[in-house]
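Chemist: Sharing a structure with you now.
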Amino acid sequence: MSPADFASSSTALLVDVGGVLLLPNAALLTPVVARHGGAGTEEEFLRAHYAAHNAAFPARGALRDYYELLPRFAGVPADRLPAAVEDYRAVSRTRNMWHAPDPASRAALAEFTGEEVRVAIVSQADGRIARMLREAAMCQEGEGPGVTVDAVLDSAVVGYDKPDPRFFRAALDAVGTTCDRAVHVGDTVPADVRGAQAADILAVHYDPYDDCDDPGDHEHVRTLAEVRAFLPAPVRCSPRAAG
(Lines of atoms letter the chains of each structure in order from A and count residues from 1; the text may use other names and numbers.)
(Lines give C-alpha, C1' and ligand atoms only; values in the text may rest on other atoms or scores of the structure.)
Protein backbone atom coordinates (compact mmCIF):
# COMPACT_ATOMS: atom_id res chain seq x y z
CA MET A 1 0.00 0.00 0.00
CA SER A 2 1.51 3.32 -1.05
CA PRO A 3 1.54 6.40 1.20
CA ALA A 4 -1.27 7.84 -0.93
CA ASP A 5 -3.33 4.68 -0.48
CA PHE A 6 -2.75 4.79 3.27
CA ALA A 7 -3.88 8.43 3.48
CA SER A 8 -7.05 7.80 1.49
CA SER A 9 -7.94 4.85 3.73
CA SER A 10 -7.47 6.76 7.00
CA THR A 11 -10.42 6.98 9.36
CA ALA A 12 -11.30 10.60 10.02
CA LEU A 13 -13.47 12.42 12.52
CA LEU A 14 -14.65 15.93 11.73
CA VAL A 15 -15.77 17.81 14.84
CA ASP A 16 -17.77 21.00 15.31
CA VAL A 17 -16.71 23.30 18.16
CA GLY A 18 -19.62 25.25 19.65
CA GLY A 19 -21.87 23.02 21.74
CA VAL A 20 -19.55 20.02 21.36
CA LEU A 21 -16.05 21.03 22.45
CA LEU A 22 -16.68 24.53 23.79
CA LEU A 23 -19.93 25.23 25.64
CA PRO A 24 -21.68 28.43 26.71
CA ASN A 25 -20.05 29.46 29.96
CA ALA A 26 -22.71 28.34 32.42
CA ALA A 27 -20.86 29.85 35.39
CA LEU A 28 -21.28 33.32 33.85
CA LEU A 29 -24.65 32.88 32.17
CA THR A 30 -26.67 31.00 34.80
CA PRO A 31 -26.87 34.06 37.10
CA VAL A 32 -28.24 36.11 34.18
CA VAL A 33 -31.36 33.97 33.84
CA ALA A 34 -31.54 33.14 37.55
CA ARG A 35 -32.03 36.77 38.53
CA HIS A 36 -35.12 36.81 36.32
CA GLY A 37 -36.57 33.71 37.97
CA GLY A 38 -35.07 31.13 35.60
CA ALA A 39 -32.67 28.18 35.94
CA GLY A 40 -30.67 28.40 39.13
CA THR A 41 -27.99 25.76 38.51
CA GLU A 42 -25.42 25.33 35.78
CA GLU A 43 -26.87 21.91 34.92
CA GLU A 44 -30.32 23.43 34.46
CA PHE A 45 -28.88 26.22 32.35
CA LEU A 46 -27.08 23.82 30.00
CA ARG A 47 -30.23 21.72 29.68
CA ALA A 48 -32.13 24.86 28.66
CA HIS A 49 -29.35 25.81 26.25
CA TYR A 50 -29.57 22.61 24.22
CA ALA A 51 -33.37 22.75 24.14
CA ALA A 52 -33.29 26.36 22.94
CA HIS A 53 -30.53 25.66 20.43
CA ASN A 54 -32.41 22.80 18.81
CA ALA A 55 -35.61 24.86 18.72
CA ALA A 56 -33.73 27.77 17.13
CA PHE A 57 -32.06 25.56 14.49
CA PRO A 58 -34.57 22.77 13.81
CA ALA A 59 -34.21 19.95 11.32
CA ARG A 60 -37.42 21.16 9.71
CA GLY A 61 -39.09 24.55 9.67
CA ALA A 62 -37.91 28.13 9.99
CA LEU A 63 -34.94 29.23 12.05
CA ARG A 64 -35.71 31.15 15.24
CA ASP A 65 -33.80 33.50 17.54
CA TYR A 66 -31.82 31.50 20.09
CA TYR A 67 -31.51 34.50 22.39
CA GLU A 68 -35.29 34.91 22.48
CA LEU A 69 -35.77 31.21 23.24
CA LEU A 70 -33.13 30.57 25.90
CA PRO A 71 -34.82 32.43 28.81
CA ARG A 72 -38.13 30.72 28.05
CA PHE A 73 -36.56 27.26 28.08
CA ALA A 74 -34.71 28.26 31.24
CA GLY A 75 -38.05 28.72 33.00
CA VAL A 76 -38.19 32.51 33.22
CA PRO A 77 -41.80 33.57 34.01
CA ALA A 78 -43.72 35.03 31.05
CA ASP A 79 -43.99 38.51 32.54
CA ARG A 80 -40.22 38.69 32.99
CA LEU A 81 -39.22 37.27 29.62
CA PRO A 82 -38.66 40.60 27.77
CA ALA A 83 -36.23 41.83 30.42
CA ALA A 84 -34.48 38.46 30.63
CA VAL A 85 -34.06 38.27 26.86
CA GLU A 86 -32.51 41.73 26.72
CA ASP A 87 -30.26 40.99 29.69
CA TYR A 88 -29.08 37.68 28.22
CA ARG A 89 -28.47 39.23 24.82
CA ALA A 90 -26.57 42.17 26.32
CA VAL A 91 -24.26 39.94 28.35
CA SER A 92 -23.62 37.76 25.31
CA ARG A 93 -22.52 40.83 23.33
CA THR A 94 -19.68 41.55 25.74
CA ARG A 95 -17.62 38.59 24.50
CA ASN A 96 -17.95 35.18 22.90
CA MET A 97 -19.56 33.26 25.74
CA TRP A 98 -19.09 29.88 24.03
CA HIS A 99 -15.64 29.32 25.47
CA ALA A 100 -16.06 26.82 28.33
CA PRO A 101 -14.27 23.52 27.55
CA ASP A 102 -16.24 20.31 28.00
CA PRO A 103 -13.95 17.90 29.92
CA ALA A 104 -15.76 14.79 28.63
CA SER A 105 -15.37 15.89 25.02
CA ARG A 106 -11.69 16.68 25.57
CA ALA A 107 -11.15 13.19 26.99
CA ALA A 108 -12.94 11.61 24.03
CA LEU A 109 -10.91 13.69 21.59
CA ALA A 110 -7.71 12.45 23.23
CA GLU A 111 -8.88 8.85 22.94
CA PHE A 112 -9.67 9.22 19.25
CA THR A 113 -6.29 10.72 18.42
CA GLY A 114 -4.62 8.02 20.51
CA GLU A 115 -6.35 5.42 18.33
CA GLU A 116 -4.86 7.03 15.21
CA VAL A 117 -8.14 8.51 14.05
CA ARG A 118 -7.36 11.60 12.02
CA VAL A 119 -9.22 14.55 13.57
CA ALA A 120 -10.18 17.81 11.91
CA ILE A 121 -11.94 20.61 13.76
CA VAL A 122 -14.53 22.21 11.48
CA SER A 123 -15.93 25.44 12.90
CA GLN A 124 -18.07 28.21 11.53
CA ALA A 125 -16.20 31.03 13.22
CA ASP A 126 -14.64 34.46 12.84
CA GLY A 127 -10.96 33.66 12.38
CA ARG A 128 -10.23 33.18 16.09
CA ILE A 129 -11.31 29.60 16.75
CA ALA A 130 -7.78 28.15 16.78
CA ARG A 131 -6.80 30.63 19.49
CA MET A 132 -9.96 29.97 21.50
CA LEU A 133 -9.38 26.22 21.43
CA ARG A 134 -5.77 26.65 22.52
CA GLU A 135 -6.66 29.08 25.31
CA ALA A 136 -9.28 26.63 26.55
CA ALA A 137 -6.61 23.86 26.53
CA MET A 138 -8.99 21.85 24.36
CA CYS A 139 -6.93 21.14 21.23
CA GLN A 140 -4.55 22.59 18.68
CA GLU A 141 -2.46 21.68 15.68
CA GLY A 142 0.99 20.61 16.85
CA GLU A 143 2.22 20.80 20.42
CA GLY A 144 0.27 22.74 23.01
CA PRO A 145 -1.84 22.63 26.14
CA GLY A 146 -4.64 20.61 24.62
CA VAL A 147 -5.09 17.53 22.45
CA THR A 148 -3.02 17.56 19.27
CA VAL A 149 -5.32 17.27 16.24
CA ASP A 150 -4.52 17.07 12.56
CA ALA A 151 -6.26 20.26 11.42
CA VAL A 152 -8.28 23.21 12.70
CA LEU A 153 -10.46 24.78 10.04
CA ASP A 154 -12.13 28.15 10.61
CA SER A 155 -14.77 29.18 8.07
CA ALA A 156 -13.53 32.77 8.06
CA VAL A 157 -10.07 31.52 7.06
CA VAL A 158 -11.13 28.77 4.65
CA GLY A 159 -13.64 31.03 2.90
CA TYR A 160 -16.73 28.81 3.11
CA ASP A 161 -19.47 28.76 5.73
CA LYS A 162 -21.53 25.78 6.85
CA PRO A 163 -23.51 24.17 5.31
CA ASP A 164 -21.47 24.71 2.13
CA PRO A 165 -20.13 21.22 1.28
CA ARG A 166 -16.85 22.76 0.12
CA PHE A 167 -16.02 23.54 3.75
CA PHE A 168 -16.40 19.88 4.70
CA ARG A 169 -14.43 18.74 1.65
CA ALA A 170 -11.64 21.10 2.67
CA ALA A 171 -11.53 19.23 5.98
CA LEU A 172 -11.26 15.91 4.15
CA ASP A 173 -8.37 17.29 2.11
CA ALA A 174 -6.69 18.57 5.28
CA VAL A 175 -6.60 15.09 6.82
CA GLY A 176 -6.01 13.23 3.56
CA THR A 177 -9.06 11.02 3.44
CA THR A 178 -12.29 10.52 1.53
CA CYS A 179 -15.94 11.07 2.38
CA ASP A 180 -16.62 7.34 2.83
CA ARG A 181 -13.92 7.15 5.52
CA ALA A 182 -15.15 10.12 7.55
CA VAL A 183 -17.80 11.04 10.11
CA HIS A 184 -18.83 14.56 11.04
CA VAL A 185 -20.37 15.43 14.41
CA GLY A 186 -22.01 18.74 15.29
CA ASP A 187 -24.87 20.15 17.33
CA THR A 188 -26.71 22.13 14.63
CA VAL A 189 -28.83 20.34 12.04
CA PRO A 190 -29.10 23.08 9.35
CA ALA A 191 -25.36 23.78 9.41
CA ASP A 192 -23.60 20.62 10.58
CA VAL A 193 -25.89 17.78 9.55
CA ARG A 194 -27.04 19.24 6.25
CA GLY A 195 -23.55 20.36 5.31
CA ALA A 196 -22.01 16.97 5.98
CA GLN A 197 -24.80 15.23 4.11
CA ALA A 198 -24.27 17.53 1.12
CA ALA A 199 -20.60 16.49 1.14
CA ASP A 200 -21.58 12.78 1.29
CA ILE A 201 -20.13 12.44 4.79
CA LEU A 202 -21.95 10.49 7.49
CA ALA A 203 -23.61 13.14 9.67
CA VAL A 204 -24.01 12.64 13.40
CA HIS A 205 -26.04 15.08 15.47
CA TYR A 206 -24.60 15.85 18.92
CA ASP A 207 -27.87 15.94 20.88
CA PRO A 208 -27.28 15.31 24.61
CA TYR A 209 -30.95 15.46 25.61
CA ASP A 210 -32.71 14.05 22.52
CA ASP A 211 -34.13 17.43 21.54
CA CYS A 212 -33.94 16.88 17.76
CA ASP A 213 -37.27 17.41 16.00
CA ASP A 214 -36.47 14.86 13.27
CA PRO A 215 -34.58 11.99 14.91
CA GLY A 216 -35.14 9.63 11.97
CA ASP A 217 -33.33 11.83 9.47
CA HIS A 218 -29.75 11.27 10.71
CA GLU A 219 -27.65 9.63 13.41
CA HIS A 220 -27.47 10.94 16.99
CA VAL A 221 -25.14 10.79 19.97
CA ARG A 222 -25.38 12.13 23.50
CA THR A 223 -21.61 12.28 24.04
CA LEU A 224 -18.63 12.69 21.75
CA ALA A 225 -17.30 9.29 22.83
CA GLU A 226 -20.40 7.62 21.34
CA VAL A 227 -19.28 8.66 17.85
CA ARG A 228 -16.90 5.71 17.93
CA ALA A 229 -19.80 3.43 16.95
CA PHE A 230 -20.10 5.24 13.60
CA LEU A 231 -16.43 5.41 12.61
CA PRO A 232 -15.39 3.17 9.71
CA ALA A 233 -13.25 0.20 10.68
CA PRO A 234 -9.52 0.72 10.15
CA VAL A 235 -8.14 -0.52 6.84
CA ARG A 236 -5.17 -2.79 7.40
CA CYS A 237 -2.55 -3.50 4.78
CA SER A 238 -2.11 -7.21 4.11
CA PRO A 239 1.50 -8.43 3.93
CA ARG A 240 2.70 -8.67 0.35
CA ALA A 241 3.38 -12.24 -0.74
CA ALA A 242 6.99 -13.10 -1.33
CA GLY A 243 7.91 -13.23 -5.01
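Our numbering applies: residue 53 is where the sequence shown begins, and numbers increase by one.
C-beta atoms are modelled at their ideal positions from N, C-alpha and C, and glycine is treated no differently.
1. Mind reading off the beta-carbon distance from Gly-238 to Phe-220? Whole number of angstroms is fine, and I expect it under 8 Å.
2. Which first and last residues belong to the alpha helix (DSSP H) in which Asp-225 is found?
3. Within the chosen definition, does the region 104-119 reach the region 257-275 through at least 3 CB pairs nearer than 8 Å?
4. Quick check: what's the CA-CA separation for Cys-289 versus Ala-126?
5. I believe Met-190 touches Arg-145 by the beta-carbon criterion, under 8 Å. Please report the beta-carbon distance rounded to the nearest angstrom.
6. Terminal residues of the continuous beta strand (DSSP E) containing Ser-175?
7. I'd like to know whether the C-beta atoms of Ile-173 and Val-204 end up nearer to each other than 8 Å.
8. Tell me which residues share the same chain as Val-245 and place their Cβ nearer than 6 Å to its Cβ, disregarding the 5 neighbours each side in the sequence.
9. Spell out the partners DSSP gives Asp-206 in its beta bridges.
10. The alpha helix (DSSP H) spanning Leu-121 covers which residue range?
11. Under a three-way DSSP split, which group does Thr-296 fall into?
12. With DSSP collapsed to three states, give me the class of Glu-271.
13. Report the option in Ser-62, Asp-265 and Arg-180 whose CA atom is closest to the CA atom of Ala-107.
14. Among the candidates His-101, Pro-129 and Pro-197, whose CA atom is the shortest distance from the CA of Asp-117?
15. Below 8 Å CB to CB, which residues in the same chain sit around Tyr-140 once its five sequence neighbours on both sides are set aside?
16. Taking the CB atoms as reference points, tell me whether Gly-297 and Ala-136 lie closer together than 8 Å.
17. Taking the alpha-carbon positions, what's the Ala-152 to Pro-197 distance?
18. Taking DSSP's pairing of strands, which residues face Tyr-258 in a bridge?
19. In whole angstroms, what separates the C-alpha of Val-69 from that of Val-199?
20. How is the beta strand (DSSP E) around Ala-64 delimited, first residue to last?
21. Given this structure, state the Cα-to-Cα distance separating Asp-225 from Pro-134, to the nearest angstrom.
22. Please name the residue in Ala-79, Cys-231, Leu-75 and Ala-130 whose C-alpha comes closest to that of Ser-61.
23. What residues match up with Cys-191 in a beta bridge as DSSP calls it?
24. Sort out for me which residues DSSP pairs Pro-155 with in a bridge.
25. Rounding to the nearest angstrom, what Cα-Cα distance links Ala-234 and Glu-195 in this structure?
Modeler: Let's see:
1. By 1-based counting over the sequence shown, the position of residue 238 is 186. By 1-based counting over the sequence shown, the position of residue 220 is 168. The C-beta separation of Gly-238 from Phe-220 comes to about 10 Å, leaving the pair out of contact by the 8 Å criterion.
2. The sequence position of residue 225 within the sequence shown is 173, counting from 1. From DSSP, the alpha helix (DSSP H) with Asp-225 extends over 217-227.
3. Taking a contact to require three or more Cβ pairs closer than 8 Å, the region 104-119 and the region 257-275 qualify as touching.
4. What you label residue 289 is simply residue 237 of the sequence shown in a count that begins at 1. What you label residue 126 is simply residue 74 of the sequence shown in a count that begins at 1. Reliability fails at Cys-289, whose pLDDT of 49 lies under 50, so the model's placement of it is uncertain and no value is given.
5. As a working note, residue 190 is residue 138 in the sequence shown. As a working note, residue 145 is residue 93 in the sequence shown. For Met-190 against Arg-145, the beta-carbon gap comes to about 24 Å, at or over 8 Å, which does not count as contact.
6. By 1-based counting over the sequence shown, the position of residue 175 is 123. Note, Ser-175: beta strand (DSSP E), 170-175.
7. Taking the sequence shown and counting its residues from 1, one reaches residue 173 at position 121. Taking the sequence shown and counting its residues from 1, one reaches residue 204 at position 152. Yes. Within cutoff.
8. Position 193 of the sequence shown, counted from the start, is the residue given in the question as residue 245. For Val-245, the CB contacts under 6 Å within the same chain, skipping 5 residues up- and downstream, are Ala-255, His-257 and His-270 in chain order.
9. On the sequence shown, position 154 is the one that residue 206 refers to. For Asp-206, which the question treats as bridged, DSSP gives the partners Ser-175.
10. In the sequence shown, residue 121 corresponds to position 69, counting from 1. Boundaries of the alpha helix (DSSP H) harbouring Leu-121: 118-125, taken from the DSSP string.
11. Lying before the first or after the last residue shown, residue 296 is absent from the chain, which here runs from 53 to 295.
12. In the sequence shown, residue 271 corresponds to position 219, counting from 1. The answer is strand: DSSP assigns Glu-271 an E or B state.
13. Within the sequence shown, numbered from 1, the residue matching residue 107 stands at position 55. Of the candidates Ser-62, Asp-265 and Arg-180, the one whose C-alpha sits nearest the C-alpha of Ala-107 is Asp-265.
14. Within the sequence shown, the letter at position 65 stands for residue 117. With distances taken between CA atoms, Asp-117 lies nearest to His-101 out of His-101, Pro-129 and Pro-197.
15. Along the sequence shown, read from residue 1 onward, the residue named residue 140 stands at position 88. The answer, listed in chain order, is Leu-81, Val-84, Val-85, Tyr-119, Leu-122 and Pro-123.
16. What is shown of the chain runs 53 to 295, which leaves residue 297 out entirely.
17. The residue labelled residue 152 in the question sits at position 100 within the sequence shown. The residue labelled residue 197 in the question sits at position 145 within the sequence shown. Taking the straight line joining both Cα atoms gives about 15 Å.
18. As a first step, residue 258 is located in the sequence shown; it is residue number 206 there, counting from the start. Residue pairing by DSSP puts Tyr-258 in a beta bridge opposite Val-273.
19. For the purposes of this step, residue 69 is taken as the residue at position 17 of the sequence shown. For the purposes of this step, residue 199 is taken as the residue at position 147 of the sequence shown. Whole-angstrom Cα-Cα distance: 14 Å.
20. By one-based count along the sequence shown, residue 64 stands at place 12. Note, Ala-64: beta strand (DSSP E), 64-67.
21. Translated into the one-based positions of the sequence shown, residue 225 becomes position 173. Translated into the one-based positions of the sequence shown, residue 134 becomes position 82. Looking at the two C-alpha atoms, the distance is approximately 46 Å.
22. Reading the sequence shown from its first residue, position 9 is the one you call residue 61. Considering only alpha carbons, the answer is Cys-231.
23. Numbered from 1 along the sequence shown, position 139 holds the residue referred to as residue 191. Answer is Val-199.
24. Residue 155 sits at position 103 when you count from the first residue of the sequence shown. In the DSSP output, where bridge partners are listed per residue, Pro-155 has none listed.
25. If you number the sequence shown from 1, residue 234 lands on position 182. If you number the sequence shown from 1, residue 195 lands on position 143. When only Cα atoms are considered, Ala-234 and Glu-195 end up about 24 Å apart.
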